[in-house]
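Read the structure below first, then the notes.
Residue numbers (our numbering): 11 to 95.
Here's what the structure looks like:
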């Protein structure tokens with residue numbers, strides 16, 4: 011299952027490399043950052059062994075805790091939602 015993170019800017023002091031590395035740590039063996047475009051990261055979630063809702067909650071918690079701006083959104087199955095909503 012693919013999850014997209016749409017962002018317009020990274021929090022101060024966070025590089026794109028650090029962002030990807032920290033997300034991979036959050037996902038552990040339940041998913042991985044698999045690509046992206048400008049201002050979007052693509053994540054592949056393991057949905058056969060783990061309920062993807064747990065991954066989504068973990069990613070949302072990471073983004074909020076890291077201080078991402080309010081206009082950051084998660085997109086799943088074509089539906090985007092604000093991380094603070």
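Cβ coordinates follow ideal geometry from the N, Cα and C atoms, glycine included. As the structure is a prediction and not an experimental result, all values here were calculated from the model.
DSSP-derived helix/strand/coil call for residue 34: If DSSP states are grouped into helix, strand and coil, residue 34 belongs with the helices.
Nearest-angstrom Cα separation, counted from residue 76 out to residue 35: When rounded, the separation of the alpha-carbon atoms in residue 35 and residue 76 is 14 Å.
Minimum C-alpha distance to residue 48 - residue among 90, 79, 56 and 26: The residue with the shortest Cα to Cα distance from residue 48 is 26.
7 Å CB neighbourhood of residue 93 in its chain, flanking five on each side removed: Non-local beta-carbon contacts of residue 93 in its own chain, meaning distances under 7 Å to residues more than five positions away in sequence, involve 70, 73, 74, 78, 82, 83 and 84 in chain order.
Assigned exposure category for residue 41 - 16 Cβ within 10 Å defines buried: Around the Cβ of residue 41, a 10 Å sphere holds 16 or more other Cβ atoms; the residue is buried.
Cβ-based burial, residue 65 [other Cβ within 10 Å; buried from 16]: Counting the other CB atoms within 10 Å of its CB gives residue 65 a total of 16 or more, which places it among the buried residues.
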